[in-house]
Amino acid sequence: MSDEKSLKKPPRPSGQVGIKALQGMIRRKSVIGALEALHTEMGAIFRLPMPGFNPVMLVGAEANRLIATEWKDHLQWRMPNEPITILLHEGVLVTDGERHDTIRNPMHKPIMHRAMLQSYVDAMLHSTDLVMNTWQPATAYNMLDEMRKIALYVLTSTLFDTDFTPDIERLWAGIIRAVRYISPNLWVLWRGFSHMGYNRELKKVDAYLYDLIAQKRQKSAQGTDLIGSLIDMGWDDRLIRDQLVTMLIAGHDTSTASLAWSLYFLGKYPQVQQKAYDEIQSVLGDNPLGFDHLSQLPYLSAVIDEALRLYPPIHLGSRVATQDLQFGHYRIKKGERILYSIYLSHRDPAYWKNPTEFYPDRFLGEDKPASNSYHYLPFGKGSRNCIGLAFAGVETKVVLAQLLCKYRFELVRDDVRPYMGATLEPAPHVLMRVHGRK
Ligand code: HEM
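Note that the numbering used here numbers the sequence shown so that position 25 is 45, with each residue one more than the last.
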């Protein structure tokens, strides 16, 4: 423990390091390249020199552990004037302290319980079929869009217990708008932008959610889905809407990115795709996929885990210190913004052999990260980790297994780079053609 007075301020990059960051960004065609360069040059703690924002970036297992556990009660998740708070209002993702726990606890059952997850498998298969049955062999599809459709159908047919097919076209623009609205953009530099852009399309999504709640209230038996469970809690429409919009956005955009990155790697490495397909075939034979098969697909799981390692959809966590904190020899002052980088931790050579290489087998052998380690955390860690962790685990396996059973995927153009939107997306597209298996 250093003497309080000897603690230093988090270091700022020098001009020379700034130039390296710029070069990294140009080389990677992504802001993520600048973060990589800054981490290489400056280590586990540095300040991002962004006017009006100036967050302290923390990287590595120890930083992740402190944020997820020890510092938990000294951190605030979101500030009131950020777009994500304006959109989600009192959603579980943006509330703090006891209020957060009161909101999160009733959602455990419909989102996390094994029996519920088991009951969702048919809806997940059906959602996948709805989209993949429209594909034609000669056409190249942007799998980011296709996976978004599947993820939206999955989420609405399970947690909302509703058929989204009549509404998807009408609400597509609003959903994309919501995703763009909460992405890091000009509001980071000037908070005035936060209130701009909450437009007509977003209000259509709100109207849809309020309508779903009203319909559900009219039914005498409300059911075990998320909406029914929250009505049973006696919550008002606004508080329920806040949770539904949270799940709709947080619960589909992340799975979309995870599925699209996994497909990208399956297309880029045909031998990996073949191995995953062979595993699925050997487990299923001619039987339809069921919940009990999922634990028998370790290679497919490893492919998903490795894609999540290289491109974690939530690549940054954001917090604000509510008291002074000490990290090594540095002091982070009360009120400062802290970002923790899941992406950089997942590529840290201190924990990973050949960190930039796509190598699913690392999740099968003894190098597999232990569940109590803090260098692999695609779903966050601690009591505020992802509430949809188990849901997403079932969803991504079911969807990919169903897709691979029916089609071989060919990557048409490998010009993909990571784009920092609301999630870390493959951009400008994951262009693929599909070839029927039988
Ligand atoms: C592959 C898919 C997913 C990934 C990679 C992912 C990742 C994450 C991460 C890293 C966090 C913590 C963020 C932080 O520390 O600031 C988080 C939180 C959260 N996720 Fe997910 N997520 C996924 C799927 C889902 C799904 C399917 C749902 C809903 C069904 C969901 C709902 C949430 C919510 C509500 C929170 C906030 C929890 C809280 O603050 O108590 N996520 N997610």
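By construction, the Cβ of each residue, glycine as well, lies at the ideal position given by its N, Cα and C atoms.
Practice item. Would you tell me roughly how many angstroms separate the C-alpha atoms of Asp435 and Lys49, rounded to the nearest one? Key: 10 Å
Review point. Any chance the CB of Ser393 is under 8 Å from a heavy atom of the ligand HEM?
Key: no
Point to revise | Nonlocal neighbours in the same chain, by C-beta distance under 7 Å from Leu108, ignoring five residues either side | key: Val114, Asp262, Val265, Thr266
Check your understanding: Under the three-state reduction of DSSP, which class applies to Met452: helix, strand or coil?
Key -> strand
Review point. For Pro332, is the beta carbon positioned less than 8 Å from some heavy atom of the ligand HEM?
Key: yes
Check your understanding: What residues are listed by DSSP as bridge partners for Asn90?
Key -> Per the sequence shown, residue 90 should be read as Glu rather than Asn. Paired residue(s): none; Glu90 is not in a bridge.
Point to revise | Which listed residue (Lys353, Leu309, Lys169) has its alpha carbon closest to that of Asp142 | key: Leu309
Review point. Would a C-beta distance cut-off of 9 Å place Ala88 and Arg428 closer than the cut-off?
Key: no
**Study point:** First and last residue of the uninterrupted beta strand (DSSP E) at Arg339
**Key:** Start and end: 336-341.
Review point. Quick one: is the Cβ of Ala277 within less than 8 Å of any heavy atom of the ligand HEM?
Key: yes
Review point. Is Met267 near the ligand HEM, with its Cβ less than 8 Å from a heavy atom?
Key: yes
Check your understanding: What did DSSP end up calling Leu137 once you bin it into helix, strand or coil?
Key -> Reduced to three states, the DSSP call for Leu137 is helix.
Practice item. State buried or exposed for Ser321, treating a residue as buried only when at least 16 other CB atoms are found within 10 Å of its CB. Key: buried
Check your understanding: By Cβ distance below 7 Å, which residues in the same chain neighbour Ile130 in space, the five residues on each side in sequence not counted?
Key -> First, the amino acid is wrong: residue 130 is Pro here, not Ile. These residues qualify, in order along the chain: Met136, Leu179, Thr244, Asp245, Leu246, Ser249.
Exercise for review: Entirely within the stretch 386-452 and at least 4 residues each: give me those alpha helix (DSSP H) ranges in chain order.
Suggested key: Counting only runs of 4+ residues, the alpha helix (DSSP H) found wholly inside the stretch 386-452 occupies 409-426, in chain order.
Review point. Which residues does DSSP pair with Ala1 in a beta bridge?
Key: Limits of the chain in this structure are 21 at one end and 458 at the other, which puts residue 1 out of reach.
Check your understanding: Taking contact to mean at least 3 C-beta pairs separated by less than 8 Å, is the stretch 72-88 in contact with the stretch 351-366?
Key -> yes
Review point. If we count the other Cβ atoms within 10 Å of its Cβ and call it buried at 16 or more, is Ile358 buried or exposed?
Key: With at least 16 other beta carbons inside 10 angstroms of its own, Ile358 counts as buried.
Review point. How about the stretch 67-74 and the stretch 26-43: do they share at least three Cβ pairs that are nearer than 8 Å?
Key: yes
Review point. With contact counted as at least three CB pairs below 8 Å, one residue from each stretch, are the stretch 293-311 and the stretch 171-189 in contact?
Key: no
Point to revise | CB-CB length for Leu424 against Ile300, believed under 8 Å | key: 6 Å
Exercise for review: Identify whether Ile39 lies in helix, strand or coil by the three-state DSSP scheme.
Suggested key: helix
Exercise for review: Determine, using beta carbons only, whether Gly53 and Met45 come nearer to each other than 9 Å.
Suggested key: yes
Point to revise | Option nearest Ile196 by Cα separation, candidates Tyr173, Ile269, Cys406, Pro369 | key: Ile269
Practice item. Find the nearest neighbour of Asp165 within the set Gly456, Pro448, Arg457, judged by alpha-carbon distance. Key: With distances taken between CA atoms, Asp165 lies nearest to Pro448 out of Gly456, Pro448, Arg457.
**Study point:** Rounded C-alpha distance that separates Pro389 from Ser275
**Key:** For Pro389 and Ser275, the distance between alpha carbons rounds to 22 Å.
Review point. Can you list, in chain order, the residues of its chain whose CB lies under 6 Å from that of Ala171, leaving out five sequence neighbours each side?
Key: His272, Ser275, Thr276
Practice item. Can you say whether Arg98 is buried or exposed, counting buried as having 16 or more other CB atoms within 10 angstroms of its CB? Key: buried
Review point. In whole angstroms, what separates the C-alpha of Leu317 from that of Leu27?
Key: 49 Å
Exercise for review: Check the DSSP bridge columns for Val292 and list the partner residues they point to.
Suggested key: Beta-bridge pairing links Val292 to no other residue.
Point to revise | Sequence-distant residues of its chain with Cβ nearer than 7 Å to Met253 (five each side left out) | key: Hits under 7 Å: Pro126.
Check your understanding: Does the separation of the CB atoms of Ala280 and Val37 fall below 9 Å?
Key -> no
Check your understanding: Under the criterion of a Cβ to heavy atom distance below 8 Å, does His366 qualify as lining the ligand HEM?
Key -> False, no ligand heavy atom lies under 8 Å from that Cβ.
**Study point:** C-beta atoms of Phe285 and Ala341 nearer than 9 Å
**Key:** no
Check your understanding: Is Val112 near the ligand HEM, judged by its Cβ being under 8 Å from some heavy atom?
Key -> For Val112, the Cβ falls inside the 8 Å cut-off from some heavy atom of the ligand HEM.
Exercise for review: Please confirm whether His59 and Ser361 have their CB atoms less than 9 Å apart.
Suggested key: yes
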